[in-house]
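Visitor: The UniProt record's numbering numbers the first residue of the first sequence as 1 and each following residue consecutively.
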Amino acid sequence: MINVKTVAQAKEIQEQLRHKVITCDHLKEVKYVAGVDIGFEDNYKISKAAIAVLSYPELELVEKAIARIPTAFPYVPGYLSFREIPAILAAFPNLNLTPDLILCDGQGLAHPRRFGLACHLGVLLDIPTIGVAKSRFIGEHEDIPLEKGSWKPLIDNDETIGVVLRSRNKVKPIYVSVGHKINLPTAIDYVMGCLTKYRIPETTRWADRLASSK
DNA sequence: GCGACAG
DNA sequence: ATCTTGTCGC
C-alpha cells in the first residue's frame, strides 16, 4: 500500500490480497459502527479522511477522527482504494476505540477483481467491512421495487457480487457488497440498521460531513 | 474501435 | 470527488 505508484503495481497487490478476503461472518456483537469517507482540499492536492464512530443500534456519534495527507494516487476506476486508503489509515490511529464494523463509501466484492475499497480496507485493518456505494460500478440487476428495504441481487458473470438496495422509498438505490469478515445477508441487515430517513446510512452521512467541512 | 467507468 | 440556488414532487 505504501509507495504504490502505478496501476500495474496496484493490480498486482489486488491480485495478491484478494485471497485474504473472508466472506463469512467473523464479527462479534456490534456496539460501534464506523463510517469512513474522503474529502479533498487545495484542488485535490490534499486528501482529508474522516472516520465517524456511532453507537449501534442507537446510531449516535461517539467518536470522530480526521487526517490530512498529500494525495498520491489518481482516481482510476478499479483502483479507488489506492487513492483513498492511505488517508484512512492515517486517521485510524487518532481513534481511541476500535469499531466492530465499518461501512465504506464504495464497493466491496462488486469489483472487477472482487477487491474493491471495502475489501482492501477490511483486509488491511482486519476489521469487518461492508461496501456501500452510491452508484453502480459493475454488474446487472432487475428493477427494484420502490419500497424501502427491497433489494435485488447484483450479478456479474452469473455470480452474485452484492445487492442493489432501496434505502428509502422511491429514491435511487444503493449498492451493497461484502467487504471483509461478513456475509451478504448479514451485511444487508447492518446497512438497514444504519438507515434512518435518508438514502445514505448515518455512518456515511457523518463521515461525509466531517470529511468535507473545514 | 466504441462506450462504461466506485469516488 | 467538487463547483452550486432554487425548485419540483410526495
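In this text, a Cβ means the ideal position worked out from N, Cα and C, and glycines have one as well.
For VAL76, which of helix, strand or coil comes out of DSSP?
Guide: Locating residue 76 in the first sequence gives position 76, counting from the first residue. Three-state result, VAL76: coil.
Visitor: Going by C-alpha to C-alpha distance, which of LEU101, ASP208 and PRO153 sits closest to GLU140?
Guide: Within the first sequence, residue 140 is the residue found at index 140, counting from 1. Nearest C-alpha to GLU140: PRO153.
Visitor: Nearest to ILE161 by alpha carbon, out of LYS148, GLN9, THR203 and GLY116?
Guide: To locate residue 161, count along the first sequence from 1; it is residue 161. Looking at the Cα atoms, GLY116 is the closest of the given residues.
Visitor: Quick check: the Cα distance between ALA87 and SER212, rounded to an integer number of angstroms?
Guide: On the first sequence, position 87 is the one that residue 87 refers to. On the first sequence, position 212 is the one that residue 212 refers to. So the two alpha carbons sit approximately 14 Å from each other.
Visitor: Whole beta strand (DSSP E) runs in the region 76–125 with 3 or more residues, listed along the chain?
Guide: With a minimum length of 3 residues, the continuous beta strand (DSSP E) runs that stay inside the region 76–125 are 101–104.
Visitor: By a C-beta neighbour count over all protein chains shown, 10 Å radius and 16 as the cutoff for buried, is LYS181 buried or exposed?
Guide: By 1-based counting over the first sequence, the position of residue 181 is 181. Burial call: buried.
Visitor: Cutting at 7 Å between CB atoms, please list the residues of its own chain near PRO99, excluding the five before and the five after it.
Guide: Counting from 1 along the first sequence, the entry for residue 99 is found at position 99. TYR32, VAL33, ALA34, VAL53 and ILE127.
Visitor: Output yes or no for whether 8 Å exceeds the beta carbon distance between LYS197 and VAL123.
Guide: Numbered from 1 along the first sequence, position 197 holds the residue referred to as residue 197. Numbered from 1 along the first sequence, position 123 holds the residue referred to as residue 123. No, the pair does not count as a contact, with Cβ atoms beyond the cut-off.
Visitor: Near ARG136, what residues of its chain come up, given a Cβ to Cβ distance below 7 Å and the 5 sequence neighbours on each side ignored?
Guide: On the first sequence, residue 136 is found 136 positions in, with the first residue counted as 1. Excluding positions up to five away in sequence, the list reads TYR175.
Visitor: Could you tell me which residues DSSP pairs with SER55 in its beta bridges?
Guide: The residue labelled residue 55 in the question sits at position 55 within the first sequence. Partner(s): TYR32.
Visitor: Rounded to a whole number of angstroms, what is the C-alpha to C-alpha distance between VAL7 and TYR79?
Guide: Walking along the first sequence from the start, residue 7 turns up at place 7. Walking along the first sequence from the start, residue 79 turns up at place 79. Near 7 Å, if we compare the C-alpha coordinates of TYR79 and VAL7.
Visitor: Just the C-alpha distance for ILE85 and ALA49, rounded to the nearest angstrom, thanks.
Guide: Reading the first sequence from its first residue, position 85 is the one you call residue 85. Reading the first sequence from its first residue, position 49 is the one you call residue 49. The straight-line gap from Cα to Cα measures roughly 9 Å.
Visitor: From MET1 to GLU60, what does the alpha carbon distance come to, in whole angstroms?
Guide: As a first step, residue 1 is located in the first sequence; it is residue number 1 there, counting from the start. As a first step, residue 60 is located in the first sequence; it is residue number 60 there, counting from the start. Their backbone Cα atoms lie some 32 Å apart in a straight line.
Visitor: Under 6 Å Cβ to Cβ from ASN94, same chain only, skipping five residues before and after it: list those, please.
Guide: For this step, residue 94 is matched to residue 94 along the first sequence. Correct list, in chain order: ALA65.
Visitor: How many angstroms separate the CA atom of VAL36 from the CA atom of GLN14?
Guide: Numbered from its first residue, the first sequence carries residue 36 at position 36. Numbered from its first residue, the first sequence carries residue 14 at position 14. So the two alpha carbons sit approximately 20 Å from each other.
Visitor: In three-state terms, what does DSSP make of LEU61?
Guide: Locating residue 61 in the first sequence gives position 61, counting from the first residue. Strand at LEU61.
Visitor: Figure out for me which residue from LEU101, LYS170 and ARG113 has the closest Cα to the Cα of GLN16.
Guide: Along the first sequence, read from residue 1 onward, the residue named residue 16 stands at position 16. The option with the nearest alpha carbon to GLN16 is ARG113.
Visitor: What three-state label does DSSP hand LYS20 in the structure shown?
Guide: Mapped onto the first sequence, residue 20 falls at position 20. LYS20 falls in the helix class under three-state DSSP.
Visitor: How should HIS120 be labelled, buried or exposed, when 16 other C-beta atoms within 10 angstroms of its C-beta is the threshold for buried?
Guide: Here the question's residue 120 lines up with position 120 in the first sequence. The residue is buried, with at least 16 neighbouring Cβ atoms inside 10 Å.
Visitor: Could you check how far apart the C-beta atoms of ALA10 and PHE82 are, in whole angstroms? I think they sit under 8 Å.
Guide: Working through the first sequence from its first residue, we reach residue 10 at position 10. Working through the first sequence from its first residue, we reach residue 82 at position 82. Contact flag correct, Cβ pair sits at about 5 Å.
Visitor: Determine whether the beta carbon atoms of ILE130 and CYS104 lie at a separation below 8 Å.
Guide: Sequence index remark: in the first sequence, residue 130 carries index 130 (1-based). Sequence index remark: in the first sequence, residue 104 carries index 104 (1-based). Yes.
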